[in-house]
Amino acid sequence: MYPERIYYEPAIVNYELGEILKQKFNQVEWIPIENHNNIPQLRSNSNKEFGKMKRYIIIGVRKTHKYVENHKVSDFLVPYTSSGCSAACLYCYLVCNYNKCSYLRLFVNREQMMKKLLKTAAGASKDLTFEIGSNSDLVLENTITDNLIWTIERFAKQEKGYITFPTKFDMVEPLLSLNHRGRIIFRMSVNPPDIIKKVEFGTSPLKNRIHALNQMCEAGYKIGLLIAPVVLLEDWRTLYGQLIQQLADELSSKAKQGLIIEIIFMTYSYVHRAINSEAFPNAVELYDKSYMTGRGRGKYCYRDELRTEAEQFLRQQIAEKLGESTILYVV
Ligand code: SF4
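Residue numbers (our numbering): 306 to 636.
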């Protein structure tokens, strides 16, 4: 990605990565800002500008380093080197936090973040797992910053703990030869090709994602699979039945062995609807009154009966076609 414009906090030049990015993107306009969290000229843009703003990059210094306890695949959610994303999935969870300002922000103080990570891992009485990709897509970010390479090389020297991150991208080539020492858990998020095309704008095709997962597994990384989010369009049975069949056909035997699967149903919101209807007026409408119900504070989720039916269907398909795998959770 070569951004159209960069907004930056002047302090970034005090960091190695800040300097690297300044050199790398010296062909575009750099606009100084006071605070990456509040850029009045972008905040005041209309929802229509959402897609255009995704082509900007915001570069700053991360100030919040508070870990949040988590009990799914990790012990802690860690605020890491980026938040936001330059892809535009119609349901993106980041829109709930950042609204139309869910563009990609890069944080240059990676040394500080790594120091805390290493210290926390080393000081724990057991192997902790740190989720570093809950605010962004780090494989995509890595194509701009090389931060995953930088991170894996440093974290893997550690004798304790694991880091993990999910992705919807296939650009894993630079990670394959790294000496990761089994300390990294790479999780690929998948959806049926039709959903990727209609809903997950700017992400990698399913075939490439499966190939990337096989490659990472072959390179000795620990791996996982997310079927996420499950989007229930009218023909969902056909779409998800075919998805699981394609996974069974194209995942390598090594990748399928003991595969851990996470399943997450889509949630949606009033904010998503407002932004998507203006920014992507021709896109598929993900809110379906007969399928969804309110969940408080402008959020929607699938109705219980439908969700139960879909969960049973997915469990049965996985048991039938991906028998060696384990479903870690369904939410
Ligand atoms: S790839 Fe992930 S972070 Fe990026 S827009 Fe899609 S859901 Fe959001």
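Even glycine gets a Cβ: it sits at the ideal position worked out from N, Cα and C.
*When DSSP builds the beta bridges, which residues end up paired with Leu531?*
Ser494, Glu567
*Can you round the beta-carbon distance between Ile528 and Ile632 to whole angstroms, since I take them to be within the 8 Å contact cut?*
Beta-carbon to beta-carbon, Ile528 and Ile632 are separated by about 15 Å, too far to satisfy the 8 Å threshold.
_Cutoff 6 Å; reference Leu548; Cβ partners in own chain excluding five residues on either side_ = Pro497
*Just how far apart, CA to CA, sit Thr386 and Asp593?*
The straight-line gap from Cα to Cα measures roughly 36 Å.
*Check whether Leu433 and Gly466 have beta carbons under 8 Å apart*: yes
*asked:* Does the beta-carbon of Ala392, which I'm using as the reference point, lie nearer than 7 Å to any heavy atom of the ligand SF4?
replied: yes
*asked:* Is the beta carbon of Met418 closer than 8 Å to that of Arg486?
replied: Taking 8 Å as the Cβ cut-off, Arg486 and Met418 do not qualify as a contacting pair.
*Please state if the CB of Ile623 and the CB of Ile565 are separated by a distance shorter than 8 Å.*
no
*Is there contact between the stretch 319-327 and the stretch 337-345, where contact requires at least three CB pairs shorter than 8 Å?*
Below 8 Å, too few C-beta pairs join the stretch 319-327 and the stretch 337-345 to call them touching: fewer than three.
*asked:* Can you check which of these residues, Glu334, Phe330, Ser351, is closest to Phe585 by C-alpha distance?
replied: Ser351
_Rounded to the nearest angstrom, what separates Arg410 and Gln520 at their Cα positions?_
28 Å
*Is it the case that the Cβ atoms of Ile363 and Tyr408 are separated by a distance below 8 Å?*
yes
*With a 10 Å radius around its C-beta and 16 neighbouring C-beta atoms as the bar for buried, classify Ile500 as buried or exposed.*
buried
*Closer than 7 Å: is that where the CB of Leu574 sits relative to any heavy atom of the ligand SF4?*
The sequence as given places Ser at residue 574; Leu does not occur at that position. No, since every heavy atom of the ligand SF4 falls outside the 7 Å radius drawn around the Cβ of Ser574.
*Can you check whether the CB of Leu382 is closer than 8 Å to the CB of Tyr372?*
Yes, Cβ-Cβ distance for Tyr372 and Leu382 is below 8 Å.
*Name the residue from Leu445, Phe570, Gln463, Leu395 whose alpha carbon lies nearest to the alpha carbon of Thr425.*
With distances taken between Cα atoms, Thr425 lies closest to Gln463.
*Label Arg488 either buried or exposed according to how many other C-beta atoms from any shown protein chain fall within 10 Å of its C-beta, with 16 as the threshold for buried.*
buried
*asked:* Could you check whether the Cβ of Leu399 sits closer than 7 Å to any heavy atom belonging to the ligand SF4?
replied: yes
*How about Thr508: is its Cβ closer than 7 Å to a heavy atom in the ligand SF4?*
yes
*Rounded straight-line distance, which links the Cα of Val400 to that of Met571*: For Met571 and Val400, the distance between alpha carbons rounds to 13 Å.
*Which first and last residues belong to the beta strand (DSSP E) in which Glu436 is found?*
434-436
_Quick check on DSSP: helix, strand or coil for Gly507?_
Gly507 falls in the coil class under three-state DSSP.
*Would you give the residue range spanned by the beta strand (DSSP E) that Ile311 belongs to?*
310-313
*asked:* Under DSSP, the beta strand (DSSP E) around Lys604 begins and ends at which residues?
replied: 604-607
*asked:* When you compare the CB positions of Ala553 and Leu481, do they come within less than 8 Å of one another, or not?
replied: Leu481 is positioned such that its CB atom lies no closer than 8 Å to that of Ala553.
_Met358 (DSSP reduced to helix, strand or coil)_ = helix
*Please name the residue in Ile468, Cys394, Arg620, Ala588 whose C-alpha comes closest to that of Arg492.*
Ile468
*Neighbourhood of Lys353 by C-beta, 7 Å cutoff - its chain only, sequence neighbours within 5 removed*: Excluding residues up to 5 positions away in sequence, Glu583, Ala584 lie with their Cβ nearer than 7 Å to the Cβ of Lys353 in the same chain.
*Near Asn484, what residues of its chain come up, given a Cβ to Cβ distance below 8 Å and the 5 sequence neighbours on each side ignored?*
These residues qualify, in order along the chain: Glu458, Ala461.
*Do Leu538 and Leu544 have their CB atoms nearer than 8 Å?*
yes
*Pick from Phe618, Leu591, Glu616, Glu523 that is closest to Tyr605, judged by C-alpha positions*: Leu591
*What is the C-beta distance between Val495 and Glu436, in whole angstroms, given that I count them as a contact (C-beta under 8 Å)?*
So it is not a contact: roughly 18 Å between Cβ atoms.
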